[in-house]
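To start, the structure under review is shown below, and the notes come after it.
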Amino acid sequence: MNGHSSRRKFLGQCAGLVAGGLGAGGLVDACHALPVDPAPIRAYRRGGMLYRRLGHTDLFISALSFGSHTNPTYRVATDYGSMLNDEGQARRDRHIAKALDQGVNMVDVYENAGQWQPMARMVKPKREKVLISICRQTDQLVSQHIDAAARHFGHVDLYRIYLGDGPRVDDSILEQWDAIRRAKKTGKVRAIGVAVHLESMMLSALDELEGLDYVMFPYNFIHARADYSQFLPRAIEKGVGLIAIKPLAAGSIAKLDPRARPGSQPEDSRILLYKKANRPVLPAVVKKLTENLDRMPNESLCQAAMRFVYSRPFIATAMPGMFQEHELDENYAAILRHLELSRNENDALNAARRFSGAWGSTWLPRHYRWLDHCWRTS
Amino acid sequence: MTRSANHISRHKPAKYTVFSTYLAGLALVVIVAWAHHESPGDESDDQAATSVSRAGAESVMFKEAGTCARCHVFSVLEWAVSRHLEVATNCQSCHGESKGHVANERNEVKPEYLFEGQAIAGQLCMTCHGTGCPDTNRVDNCQQCHHVHALMNPAKPLPDRGEQLEKLLRRWDRFDAQIARGKEHADQQQWEVAGAAFQAALKLIPGDARARAQLAMCQRRLQTALPGFERLDDAYDKTTGLPRAVKVPAIDMPMRLVPPGEFDMGSDRWADARPVHTVRIDAFFLGAYEVTQAQWLAVMGNNPAGHQGKQFPDSQRMPVEHVSWQDCQAFIRRLNERVPGGGFRLPTEAEWEYACRGPRAAAPGANDIAELAWFGANSRRPGVPEKPDLDLKAYAPRTVGTRRAGNWDLYDMHGNVREWCSSLWRPYLYNPADGREALTHVGLRVLRGGAYCDAAASLDPALRHAERPNRRLRFNGLRLARNVPQLKLPDLRD
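Quick mapping for you: the protein sequence lines, in order, are chains A and B. When we follow the working numbering, the leftmost residue of the first sequence carries the number 1, and every step to the right adds one. When we follow the working numbering, the leftmost residue of the second sequence carries the number 379, and every step to the right adds one.
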């Protein structure tokens, strides 16, 4: 003490000097004059993972989220739906845990009979950090379905209904939607949306569904060429969140990928690119793909396909089905790269798209071929 | 007022202890001066009123103060006796627009400007009184002598007002005596004598709301017939003199009187029901039941309900549903043409919530809901087995009036079908003057009450739901409100 300046005094004097200096330079005024950006934050990165706001909601979702499809190899049919056997459940739990560690914060769990309970157990310690997405898969009254989900998870972060393949939203959908809106009002659900495959239905949903927070729709580099020209601008204008499902076309893009690892095609083991029947087509395509992909060290076609989706700022998250650990790793690694595709990468995607077009819908798994028809003719 | 007083005593005890006596006197002067100012009878009283006209313009005062007067009564009174009122320096002039503070009745948001100490003089007083105090020539400490709102020195008595005050107090005493006399006769059901006493009171203080209400009550008891209504029993409301239970014979619709009152609208529980705020409701009649399919058929000639036919033998007494807000307006137009007196309409959402909550303004508990309402837990159609995955078709509305009656003997306010209200969905505060009750405006219209397929939480009386006015869903119905036929009271100012 004795004449010495105390630390508090010193800091106070310094602060005064600095403020005085800035004031003299007119910087203080200049700082005050800077316009404050009123736009809300749309996206941010943390720990490598990219998070984007879902439409106009307050939810930030990781660019990669975990889909609900379970590996059919481990499925066991029960009276109340399919479940995974112990090995399959352990594998899925491990994959989800790894995904959460990598920053994935949304997990879809629509298969209520088999997945609600294990998922609820897994996320319980970190519930506030994980977004649970649920879809109504049965005819159960929506309010009761949501109540049942809320009993497992406390609340549902994203709830959606599947709109089917009709031409437009009908009374039955409106009645379900009404119940969902009410559930949101009562705090059981945070964001409400629809899953839809056809553009006409997407447009109808935008027009008819009051308070629509998000639309979940198929989007990948092949089907993005389908005519979303009306839907996308209107959805973006209305601030509706967009979630891309089938970013790898139900796993079929892996079949076009010369670098796909074995085991990447769980829904259909055939690899079209290397089948004998395809040989007249293949050499040129494989050469083209390989040439372009060679210029992207360690890049696979699937990763390029994921980056195609990630690079779209209007897509909040992509939700591929991931049954293998390396699929999760690859999809995550794609986020760490520069998201914009180079010219060569675009060329590779175009070559793969042409190849898929030459094969019509047969390159998709049987139960998804109708989708190809809808996409390409819409 | 209580909250305001608590706030004062907590934060500024010393200052306001000294000041409280002055404030009480000031309030009395303002009230009495207002009473006198409105009275044209006595010449000497008129002079007194002129001399205190600054303090006396109650209507101007509260109009100018607006929403602020609802809580800050003393501050408004102080301000009203100062010249601030005359020079149109109102609350906003010094405290800013403070919209957040006005909207947040829980006082969590403070006004935009709240100056204290010497800042009051520097930031506020000196903008007009730049030359300083004429007594002390000081410019920095106005608040030491002058209270900021009153601009008066509490140490000095109000000049020349003792005698005026006496006269005004005597007038007030005569008014009170007439009111007491009127009430005494009203208790003995001597409506004519009581009416005369209230009229005499009204002559002493024209425009007094209490006297006017009592006079109207007496006149209603003298003329019990209401056009287009049929009285169901001899029960009358004490405050309005209106019959509590009536019927509209043209469509066999029983209605109940919802007496006037204030209630706290909204709930902190739901995002769009915030903030909780006080709303005053005038008396109106409300259907005891939701409009039934038979009533709709009788007026419109068709039955749009989704639950009718052989499966529903009692469907005529079930609520009509699958009607849009626009359908309801068409129904009301036809009904008003058909029934003498007309006045049918949809209730506003404030009226609906007030009627549902009742005089105690309480939301029902879980046990009450089960007794009051048909909802998801008890509306499964007969014969449908209980399963976890039942769809909407497994549920149906029920015959009206088959659960316990709620407040004011109204049935099915919770559950059965949701009820359209006249109001546009807009954020609170509820203000009918902001266009939300305009029938021609475009937007979502409010639905209240919850339906047979809803969860218990959805039946909360404060929960707001909204839907497009042209949309018909199988759980949206209506309940009619009807205006109370107006009385023509004598204008005693002429």
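C-beta: ideal position from N, C-alpha, C; glycine also. Since we're looking at a predicted model, the values are computed, not measured.
Quick one: what's got a C-beta closer than 7 Å to lysine 276 of chain A's C-beta in the same chain, skipping five residues either side? Residue placement at lysine 276 of chain A is flagged as unreliable, the pLDDT there being 49, under the threshold of 50; the coordinate-derived value follows with that caveat. Excluding positions up to five away in sequence, the list is empty.
Considering only residues of the same chain and omitting the five flanking positions on each side of glutamate 749 of chain B, which have a CB-CB separation below 6 Å? Arg782
List, in chain order, every chain A residue whose beta-carbon is nearer than 7 Å to that of leucine 856 of chain B. Within chain A, no residue comes near leucine 856 of chain B; the closest Cβ sits about 16 Å away, beyond 7 Å.
Would glutamine 864 of chain B count as contacting chain A if we go by Cβ distances under 7 Å? no
Hey, would you say alanine 816 of chain B sits closer than 7 Å to phenylalanine 662 of chain B, going by beta carbons? no
Proximal residues of chain B, C-beta to C-beta of glutamate 175 of chain A below 8 Å: Leu770, Leu851, Arg852, Phe853
Does the stretch 646–658 of chain B touch the stretch 835–847 of chain B, meaning 3 or more C-beta pairs lie closer than 8 Å? yes
Hey, would you say tyrosine 219 of chain A sits closer than 7 Å to alanine 195 of chain A, going by beta carbons? no
Name, going along the chain, the residues of the stretch 139–163 of chain A whose beta-carbon falls closer than 9 Å to a beta-carbon of chain B. Asp139, Gln140, Leu141, Val142, Ser143, Gln144, His145, Ile146, Asp147, Ala148
With a cut-off of 8 Å on the beta carbons, I'd call asparagine 105 of chain A and leucine 141 of chain A a contact; round off their distance for me. Incorrect: roughly 30 Å between the Cβ atoms, too far for contact.
Give every residue of the same chain whose Cβ lies closer than 8 Å to the Cβ of valine 281 of chain A, excluding the five residues on either side of it in the sequence, and list them in chain order. Here valine 281 of chain A scores only 48 on pLDDT, less than 50, and its place in the model should not be relied on; the value that follows carries that caveat. Correct list, in chain order: Phe355, Ala358.
Please list the partners that aspartate 178 of chain A has in chain B, where partner means a Cβ-to-Cβ separation under 7 Å. Leu851
Please tell me whether leucine 851 of chain B and serine 800 of chain B are closer than 7 Å, where the distance is taken between their beta carbons. no
Excluding the 5 residues flanking isoleucine 61 of chain A on each side, which residues of the same chain have their C-beta closer than 7 Å to its C-beta? Tyr51, Arg52, Leu54, Asn105, Met106, Leu131, Ala316, Thr317
By DSSP's criteria, tyrosine 162 of chain A is part of a beta bridge. Which residues make up the other side? A/Ala195
Out of curiosity, what's the CA-to-CA distance linking leucine 635 of chain B and tyrosine 667 of chain B? 13 Å
Can you pull out the residues from the stretch 181–198 of chain A whose beta carbon lies closer than 9 Å to at least one beta carbon of chain B? Arg181, Arg182, Ala183, Lys185, Thr186, Gly187, Lys188
Can you give me the Cβ contacts of tyrosine 332 of chain A inside the same chain, cut-off strictly under 7 Å, excluding the 5 residues immediately before and after it? Leu64, Gln102
Given a limit of 9 Å on CB to CB distance, which residues of the stretch 831–846 of chain B reach chain A? Cys831, Asp832, Ala833, Ala835, Ser836, Asp838, Leu841, Arg842, His843, Ala844, Glu845, Arg846
Cβ separation of histidine 95 of chain A and methionine 322 of chain A, assumed to be a contact under 8 Å, to the nearest whole Å: 6 Å
The beta strand (DSSP E) with glutamate 845 of chain B in it runs from where to where? 843–845
Residues in the stretch 506–523 of chain B with C-beta within 9 Å of chain A's C-beta atoms, listed in sequence order? none
Give every residue of the same chain whose Cβ lies closer than 7 Å to the Cβ of valine 875 of chain B, excluding the five residues on either side of it in the sequence, and list them in chain order. Coverage of chain B is limited to positions 379 through 872, which leaves residue 875 of chain B absent and any answer about it impossible.
I'd like to confirm the pairing. Which residues does DSSP put opposite phenylalanine 641 of chain B in its beta bridges? B/Val657
State the Cα-Cα distance for the pair threonine 445 of chain B and valine 526 of chain B, rounded to the nearest angstrom. 20 Å
Give a yes or no on contact between the stretch 158–165 of chain A and the stretch 793–812 of chain B, applying the rule of three or more CB pairs nearer than 8 Å. no
For glutamate 570 of chain B, I'd like the list of residues in its chain whose CB is within less than 8 Å of its CB, leaving aside the five on either flank, ordered along the chain. Cys596, Leu600
So, is threonine 186 of chain A buried or exposed, given that buried needs 16 or more other C-beta atoms within 10 angstroms? buried
According to DSSP, glycine 793 of chain B sits in a beta bridge with which residue or residues? B/Trp752
Looking only at its chain, what residues have a beta carbon closer than 8 Å to the beta carbon of asparagine 756 of chain B, apart from the 5 residues adjacent to it on each side? Ala748
Is it the case that the Cβ atoms of proline 344 of chain B and proline 810 of chain B are separated by a distance below 7 Å? For chain B, the structure presents residues 379 to 872; residue 344 of chain B sits outside this window and is missing.
Which stretch, first to last residue, makes up the alpha helix (DSSP H) that contains glycine 478 of chain B? 477–481
Bridge partners of leucine 635 of chain B, per DSSP? B/Phe663
If we define contact as Cβ-Cβ less than 7 Å, is glycine 879 of chain B a contact residue for chain A? Not covered by the structure: residue 879 of chain B. The range shown for chain B is 379 to 872.
Under the three-state DSSP convention, the category alanine 316 of chain A falls into: strand
Which residue's Cα is closest to the Cα of alanine 564 of chain B: B/Trp798, B/Thr617, B/Pro637? B/Thr617
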